[in-house]
Amino acid sequence: MKRALLFCAALSAAPLIHAAEPDVAGLVKSCNNCHGVNGVSVGHSMPSIGGLSETYLLNIMTQWKTGERFSAVMGRLLKGYTDQEIAALATHYSKQPWVPAAQTLDVKLVAQGKDAIDRCSSCHGDTGVPDEDDTPRLTGQWAQYMELELAKYRDDALKMPHKKMRTNAKKLDEADVAAAAAHYASQKK
Amino acid sequence: MSINRRNFIKSLAAASSVSLLTIPTSARAAGSGNNKGKVVVIGGGFGGSTAAKYIKMMDPAIDVTLIEPNKTYTSCPLSNEVLSGHRDIASLQTGYAGAAKRGISVIHDHVASVDAAKKTVTTSGGQTLGYDALVMAPGIAFDYEAVSGYSKDASKLLPHAYKAGEQTLLLKAQLEAMPDGGTFIISVPPKPFRCPPGPYERAAQVASYMKHHGKAKSKVLILDANDSFSKKGLFEQGWKALYPGMIEWVSGANDGKVERVDAAAKMCFTGLNDHKADVINLIPPHRAGKIAQQTGLTNAQGWCEVAPMTMESTVHKDIYPIGDCCIAGELPVYDMPKSAHMAITQAKVAAGAIVAKLNGLANPQPWYVNTCFSTLAPDYGISVVHVYRVTNNQFVYVKEAGGISPIDAPPLQRKLEAEYCVGWFNNVMADAFA
Chain C
1 MKRALLFCAA
11 LSAAPLIHAA
21 EPDVAGLVKS
31 CNNCHGVNGV
41 SVGHSMPSIG
51 GLSETYLLNI
61 MTQWKTGERF
71 SAVMGRLLKG
81 YTDQEIAALA
91 THYSKQPWVP
101 AAQTLDVKLV
111 AQGKDAIDRC
121 SSCHGDTGVP
131 DEDDTPRLTG
141 QWAQYMELEL
151 AKYRDDALKM
161 PHKKMRTNAK
171 KLDEADVAAA
181 AAHYASQKK
Chain X
190 MSINRRNFIK
200 SLAAASSVSL
210 LTIPTSARAA
220 GSGNNKGKVV
230 VIGGGFGGST
240 AAKYIKMMDP
250 AIDVTLIEPN
260 KTYTSCPLSN
270 EVLSGHRDIA
280 SLQTGYAGAA
290 KRGISVIHDH
300 VASVDAAKKT
310 VTTSGGQTLG
320 YDALVMAPGI
330 AFDYEAVSGY
340 SKDASKLLPH
350 AYKAGEQTLL
360 LKAQLEAMPD
370 GGTFIISVPP
380 KPFRCPPGPY
390 ERAAQVASYM
400 KHHGKAKSKV
410 LILDANDSFS
420 KKGLFEQGWK
430 ALYPGMIEWV
440 SGANDGKVER
450 VDAAAKMCFT
460 GLNDHKADVI
470 NLIPPHRAGK
480 IAQQTGLTNA
490 QGWCEVAPMT
500 MESTVHKDIY
510 PIGDCCIAGE
520 LPVYDMPKSA
530 HMAITQAKVA
540 AGAIVAKLNG
550 LANPQPWYVN
560 TCFSTLAPDY
570 GISVVHVYRV
580 TNNQFVYVKE
590 AGGISPIDAP
600 PLQRKLEAEY
610 CVGWFNNVMA
620 DAFA
């Protein structure tokens, strides 16, 4: 019972303490574990997040927290943070410089990718620089991560938002999934 | 000590917003000849290496010395995949060049003693170093005597493979040599032990080897001192789906606790039963590393209790036990799990507390999170995560967050988690050692 009381105290006090300006300097360091220092990931399946737009980061983290968007892991983590803390994280990472992933790509796949992105480029641009702030930047992102994201949109068993993205991802030929990812991964700016 | 607040804030800003590669060498190499303070770190695993790195990143003017006997570090996380053959042991190894490049003094030696009153550390080689703050990260020591008939020598016949490296390869060689239809025993010690899901992931990786290398009639028998285990439902589901009939788990209540072994005869003895096996993976009970015990930091159960606001020892001031040697909170749900992810997180809390203290600043808010993946097959991963808060100096987990992967998840989730595990590994290795 005592534990439960402490718990309620923790939860109700947290938003009050952090309402003004949450101190996320330490929290950011704990994000480094999976997303790299300054949001520059060195793991192929983990996205780099430093330099992505604030709107996109805030949207996706909020969708994970509320369960509107499927996630394998992130939703479970984000439920532990207040909306203010999540907003501060989005602001922090949006201010970091974007560093393209250092990856080796299959030249043939990259070439094939130029045609494979027909369905992608109207929103994500030819080089992965989007027009809208709520669309993720793909330029130089990890290819494997993007392939896995496409797999999520192509699988009806997962609850993914954004009908247009789901439709277009599903219309991609299986062989073009890796090619489209390789194309955007190969872009420098 | 004179405090230069502006420079401290500048260095913090540099650490958080500028790529480390762009910090001038002069700043990174700023080692001796300053008065910001001296930090000694004992142990160059995930926890110790991360603490040394982050202290140097946050304030290059602090002298940091890392003492670690081995020149090559072998990660325990993912080492079960060496048993299945899905991973080479070299992919788990790294050296200490990254620490040296940052201006951290690296001494490859054992620590002979710590004098907590005089605040000095003496190496086996006879070097004595003074410290303002000491990070104690020696990992675990095995309590070999707890299992009658077992010893460090016997571990060559019955490998624990719970410190990765030579032991991992020894166990792998025994697995490769065992006949089809043979029995592979994993003996699990009483909690707490490092990597709580480790033995159960190992069962899957061993079964994977058997299944794909002509030993599909063999069996993995888990003799457990405990009555339950981490991610139990998920593991049992995965074992059944991937390796049907190959893995059997015996709880402590069902006579699973191994009390005695005969290493030469390859026999395990529980209270009521004798088990003959082809391979015995005997994981002995753990305590905090020997130097932590010797320094008087450990409680009656053999672990270092810490204050969660700072990771400072509750026994000696200015000593920060982190990683597998420490304990905080109450079992079973509030404790800090002994994982690499947790060790790295604790290291960053300790680093923040030490840097603030040496600069005369208020202690920063501590943040703890744990993520723990287990891989049952290359496309089959599961996880448990927790987010923690410190409230009234108590370490508590946020009930609304965290938990295990859903039991009814679609196949793609299992594949994603297996891939994320590899991405996680690459990033934690870089976070700690690069």
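Sequences listed follow chains C and X, in order.
Following the numbering used here, the numbering of the first sequence begins with 1 at its first residue and continues without gaps.
Following the numbering used here, the numbering of the second sequence begins with 190 at its first residue and continues without gaps.
By construction, the Cβ of each residue, glycine as well, lies at the ideal position given by its N, Cα and C atoms.
- Look at Thr-499 (chain X): its C-beta is not under 7 Å from any C-beta on chain C.
- Nearest to Tyr-339 (chain X) by alpha-carbon distance, out of X:Thr-261, X:Asn-470 and X:Ala-542, is X:Asn-470.
- The residue from X:Ser-572, X:His-505 and X:Asp-444 with its alpha-carbon nearest to that of Met-325 (chain X) is X:His-505.
- Contact note: His-530 (chain X) reaches chain C through Asn-33, using a C-beta cutoff of 7 Å and chain order.
- The alpha-carbon separation between Lys-341 (chain X) and Tyr-333 (chain X) amounts to approximately 7 Å.
- Within 7 Å of the CB of Ser-45 (chain C), the CB atoms of chain X belong to Glu-608, Tyr-609, Val-611 and Gly-612, in sequence order along the chain.
- Residues of the stretch 58 to 76 of chain C with a C-beta atom less than 7 Å from some C-beta of chain X are Ala-72, Val-73 and Arg-76, listed in chain order.
- Counting along the chain, the unbroken beta strand (DSSP E) around Lys-408 (chain X) starts and ends at 408 to 413.
- Beyond the five residues adjoining it in sequence on each side, Ala-496 (chain X) comes within less than 7 Å, by CB distance, of Thr-503 and Asn-582 in the same chain, given in chain order.
- Around the beta carbon of Asp-176 (chain C), 16 or more other beta carbons sit within 10 angstroms, so the residue counts as buried.
- Contact of Gly-36 (chain C) with chain X by beta-carbon distance below 8 Å involves Asn-616, Ala-619 and Asp-620.
- Among the bridge pairs identified by DSSP, Ala-330 (chain X) is matched with X:Arg-476.
- Following the DSSP letters along the chain, one finds Pro-388 (chain X) inside the alpha helix (DSSP H) bounded by residues 387 to 401.
- Around the beta carbon of Glu-365 (chain X), a 10 Å sphere encloses fewer than 16 other beta carbons of the protein chains shown; the residue is thus reported as exposed.
- Ala-566 (chain X): not part of any alpha helix (DSSP H); member of the beta strand (DSSP E) spanning 557 to 566, first to last residue.
- Burial of Ser-419 (chain X) is indicated by the presence of at least 16 other C-beta atoms within 10 angstroms of its C-beta.
- Using a Cβ-Cβ cut-off of 7 Å, Lys-189 (chain C) does not count as an interface residue toward chain X, since no Cβ of chain X sits closer than that to its own.
- Listed along chain X are Asn-615, Asn-616 and Ala-619, each with a C-beta nearer than 7 Å to that of Val-42 (chain C).
- Counted as a single uninterrupted DSSP element, the alpha helix (DSSP H) harbouring Gly-236 (chain X) occupies residues 235 to 247.
- Within chain X, the residues whose beta carbon sits less than 7 Å from that of Ser-30 (chain C) are Thr-534, Lys-537, Trp-556 and Val-558, listed in sequence order.
- Using a Cβ distance threshold of 7 Å, Thr-534 (chain X) and Ser-41 (chain C) do not count as a contacting pair.
- For Ala-392 (chain X) and Ile-436 (chain X), the gap between their C-alpha atoms comes out near 7 Å.
- Contact between Ile-508 (chain X) and Ala-532 (chain X) does not hold, since their C-beta atoms are separated by about 16 Å, which reaches or exceeds 8 Å.
- With respect to Gly-51 (chain C), Gln-96 (chain C) sits close: the two C-beta atoms are nearer than 7 Å.
- Interface annotation, Pro-474 (chain X): not in contact with chain C, CB-CB separation never under 7 Å.
- Chain order gives no chain X residues near Ala-180 (chain C), where near means a beta carbon separation below 8 Å; the closest approach is about 18 Å.
- Close to Pro-553 (chain X), with beta-carbon spacing below 9 Å, are these residues of chain C in chain order: Asp-23, Ala-25 and Gly-26.
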